[in-house]
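**Student:** Residues in the sequence shown are numbered from 53 upward in steps of one, following our numbering. For each residue, glycine too, the CB sits at the ideal point set by N, CA and C. The structure is given below, and queries will be raised subsequently.
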Amino acid sequence: MRPIRLNKGDVFTIEHVDVMPESLPAVFSRLVVDKVGQFEKSLVVDIGGTTLDVGVIVGQFDSVSAIHGNSGIGVSSVTKAAMSALRMASSDTSFLVADELIKRRNDPDFVRQVINDETKTDLVLNTIEGAIASLGEQVVNELGDFHHVNRVYVVGGGAPLIYDSIKTAWHHLGQKVVMMESPQTALVEAIAAFKEE
């Protein structure tokens with residue numbers, strides 16, 4: 053690769069770099085709790101605002117057998133659709149309001165607070181639901197090569213939006229398709245737990 057120099061002297065040389073999805077450690081403790089066997093493969097799906105990152109873990113983190121990412125698939129597509137629909141309803145089109153509406157779209161009181169033109173409420177909500185369905189479909193299509201896994205774990209801020217699509221696509225796994233309890237903070241919690249040990 054390339055040598056690293058400090059004060060004109062050789063310090064070390066980087067020989068090899070492996071890049072993996074940062075979310076993989078988020079499921080470490082869950083692999084133990086689920087008593088994942090050494091020959092089982094677990095697909096970790098991390099959906100964030102702008103990217104989809106996945107990895108396949110063998111056993112209880114014995115190795116990582118596959119990684120994949122797509123920087124064109126993320127929750128931002130749903131946010132943009134929500135903002136566009138809010139604009140048509142003469143409402144605030146900030147990212148904050150759009151993201152909160154996506155999360156709280158089933159709360160009628162909140163919906164009434166943020167949608168100014170109530171005659172456009174169905175338009176806004178249907179647009180959001182359509183964008184969520186489209187995102188789920190994109191994720192499932194992107195992961196078509198990973199149906200051979202034994203388990204699926206879903207993490208990331210967009211996990212609640214795609215979880216039903218993932219469960220449907222991997223229905224043959226039943227209860228082995230899991231959304232982490234705190235999908236958006238699962239990685240941070242795993243790192244904190246690891247440091248405590």
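Between which two residues does the alpha helix (DSSP H) containing residue 216 stretch?
**Tutor:** Start at 1 with the first residue of the sequence shown, and residue 216 comes out as number 164. First-last of the alpha helix (DSSP H) with residue 216: 211-221.
**Student:** Let me check understanding here. Comparing Cα to Cα, which of 79, 215, 57 lies closest to residue 243?
**Tutor:** As a position in the sequence shown, residue 243 is number 191, starting the count at 1. Among 79, 215, 57, the Cα nearest to that of residue 243 is on 79.
**Student:** Mark residue 126 as exposed unless 16 or more other C-beta atoms lie within 10 angstroms of its C-beta, in which case mark it buried.
**Tutor:** By one-based count along the sequence shown, residue 126 stands at place 74. Residue 126 is buried by the Cβ-count criterion.
**Student:** Starting from the C-beta of residue 191, find all residues in its chain whose C-beta is less than 8 Å away, skip the five residues before and the five after it, and write them out in chain order.
**Tutor:** For the purposes of this step, residue 191 is taken as residue 139 along the sequence shown, with counting starting at 1. Answer for residue 191: 97, 99, 104, 125, 214, 217, 218, listed in chain order.
**Student:** Can you give me the start and stop residues for the alpha helix (DSSP H) that residue 178 sits inside?
**Tutor:** The residue you call residue 178 lines up with position 126 of the sequence shown. From DSSP, the alpha helix (DSSP H) with residue 178 extends over 173-194.
**Student:** Residues bridged to residue 93 by DSSP?
**Tutor:** On the sequence shown, residue 93 is found 41 positions in, with the first residue counted as 1. DSSP, once it has assigned bridges, lists 110 as partnering residue 93.
**Student:** Tell me residue 122's beta-bridge partners as DSSP assigns them.
**Tutor:** In the sequence shown, residue 122 corresponds to position 70, counting from 1. The partner list for residue 122 (beta bridge, DSSP) reads 104.
**Student:** Buried or exposed: where does residue 66 fall if 16 or more other Cβ atoms within 10 Å of its Cβ makes it buried?
**Tutor:** To locate residue 66, count along the sequence shown from 1; it is residue 14. Per the 10 Å Cβ criterion, exposed.
**Student:** Cα separation between residue 208 and residue 236?
**Tutor:** Here residue 208 is taken as the residue at index 156 of the sequence shown, counted from 1. Here residue 236 is taken as the residue at index 184 of the sequence shown, counted from 1. Distance between the alpha carbons of residue 208 and residue 236 is about 4 Å.
**Student:** Short of 6 Å in beta carbon distance, which residues of its chain neighbour residue 102, apart from the five on each side in sequence? Order them along the chain.
**Tutor:** Translated into positions along the sequence shown, residue 102 becomes position 50. Correct list, in chain order: 126, 128.
**Student:** Tell me which residue opens and which closes the alpha helix (DSSP H) that residue 229 is part of.
**Tutor:** Here residue 229 refers to the residue found at position 177 when the sequence shown is read from its first residue. From DSSP, residue 229 is part of no alpha helix (DSSP H) but of the beta strand (DSSP E) over 229-231.
**Student:** Let me know if residue 210 comes out buried or exposed under the rule of 16 or more other beta-carbons within 10 Å of its beta-carbon.
**Tutor:** Within the sequence shown, numbered from 1, the residue matching residue 210 stands at position 158. By the neighbour-count rule (16 or more Cβ atoms within 10 Å), residue 210 is buried.
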